[in-house]
Structure formats: C-alpha cells, structure tokens
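Structure first, then comments.
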Amino acid sequence: MKSKWLDQPEDHDYPAAANYLSLLLAPKHAGALAEALKTGDLVRYKAKDLLRASRLPLLDKDNKYVRNNLRKVEKGEKLSPVLLVRGNIEVDRPLTVADGYHRICASYFIDENTEIPCRIVDWA
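Residue numbering for the sequence shown follows this note's numbering, beginning at 406 and increasing consecutively.
Below, the structure is given as structure tokens:
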C-alpha cells in the first residue's frame with residue numbers, strides 16, 4: 406500500500422486551516438496565514454519528520470479520521486497535501502500543522518518515510 410497525493414490541497418482545507426489557526430492567533434492573522442498558504446511553497450517532508458518537528462503525538466490507527474484516510478489509500482484515492490506553518494527553533498515554536506494531521510498519521514502507519522507534499526509558510 407502506498408499513499409497517493411493530489412497536486413494541490415483541496416479548497417476546503419484552507420478554511421479548516423484558518424479555523425484552527427484562529428485558536429492560536431487573532432482571526433485576522435489566522436486568515437492571512439491561511440490565505441498565504443494558497444501560494445506557499447509546495448515541498449515534501451517525511452511523515453516521521455513532520456511529527457517530530459510539530460511535537461504532535463502519532464494518533465492511533467483506530468482514530469476515526471486516521472482510519473478514514475487509511476481506507477482512502479487502500480482504495481487508491483489521493484490524499485490532499487497538508488498545510489503547515491514553519492516553526493522556529495530559536496524561540497522554541499514547533500511546526501504547526503494547520504491542516505492534515507490525520508493524513509500525516511495515516512501516512513506514517515503506511516511508511517514512516519512517506520514523503521508528504523506540503524504547503525508551508527512562515528509565521529511572519
């Protein structure tokens with residue numbers, strides 16, 4: 406089993422990212438970051454490195470959304486790239502997964518070295 410990926414994030418990923426980021430920033434700034442993600446660099450990172458840099462735990466395979474993503478991969482469906490805001494080691498700010506945490510976890514279970522396409526922007 407191997408993950409397949411869409412070329413671009415899905416349109417509904419950006420409002421989801423803005424919603425999540427609005428928990429961390431004023432809504433105005435969260436919206437601006439989500440908007441910037443639409444044109445952010447498209448890069449690839451390994452699932453294991455995304456989890457390490459974000460300091461997020463690996464969700465269990467039984468998590469409803471992880472399981473749904475694993476089923477998509479089994480069916481040959483493509484997953485949406487994840488949306489990230491770069492961390493900063495100098496101020497101890499981890500990578501922020503604005504959208505796609507469950508997809509990262511599902512990909513990790515398939516192969517922790519899975520290269521995941523990501524849109525990434527800086528906080529500033």
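Heads up, the beta-carbon is just placed ideally off N, CA and C, and yes, glycines get one too. Here the structure is a predicted model, which is why all the values come from computation and not from measurement.
#### Entry: Selection from K480, K466, L489 and K407 that minimises the alpha carbon distance to Y425
Closest by alpha carbon: L489.
#### Entry: D418 in three-state terms, based on DSSP
Here DSSP, grouped into helix, strand and coil, assigns D418 to helix.
### Query
Beta carbon of R508, beta carbon of N468: below 7 Å?
In this structure, R508 keeps its C-beta atom at 7 Å or more from the C-beta atom of N468.
### Query
Using DSSP with H/G/I as helix, E/B as strand and the rest coil, what is E440?
Three-state DSSP puts E440 in a helix.
### Task
Write down the C-beta distance between W410 and K483 rounded to the nearest angstrom, noting that I regard them as a contact closer than 8 Å.
Yes, they are in contact, since the Cβ atoms of W410 and K483 sit about 6 Å apart, within 8 Å.
### Message
Using CA atoms only, rank isn't needed, just tell me which of I525, D504 and D527 is closest to P420.
### Response
Checked all of I525, D504 and D527; the closest Cα to P420 is D504.
### Task
Indicate the three-state DSSP secondary structure (helix, strand or coil) for A503 in the structure shown.
The answer is strand: DSSP assigns A503 an E or B state.
### Task
In angstroms with no decimal places, state the Cα-to-Cα distance between L500 and V471.
Going from the Cα of L500 to the Cα of V471 covers about 20 Å.
### Task
Report the residue from R476, R524, Y513 and N518 whose alpha carbon sits nearest the alpha carbon of L461.
Between L461 and the set R476, R524, Y513 and N518, the nearest pair of CA atoms involves Y513.
### Message
Can you check which of these residues, V502, E495, L438 and P486, is closest to E520 by C-alpha distance?
### Response
Nearest C-alpha to E520: P486.
### Message
So within the segment 418 to 493, which uninterrupted beta strand (DSSP E) runs reach at least 3 residues, ignoring any that extend past its ends?
### Response
Fully enclosed beta strand (DSSP E) runs of 3 or longer: 446 to 451 and 487 to 490.
### Query
What whole-angstrom Cβ distance do L463 and L455 have, given they're in contact under 8 Å?
About 11 Å separates the two Cβ atoms, so there is no contact after all.
### Task
State the DSSP-derived secondary structure class of E495, mapped to helix, strand or coil.
Secondary structure of E495 (DSSP, three-state): helix.
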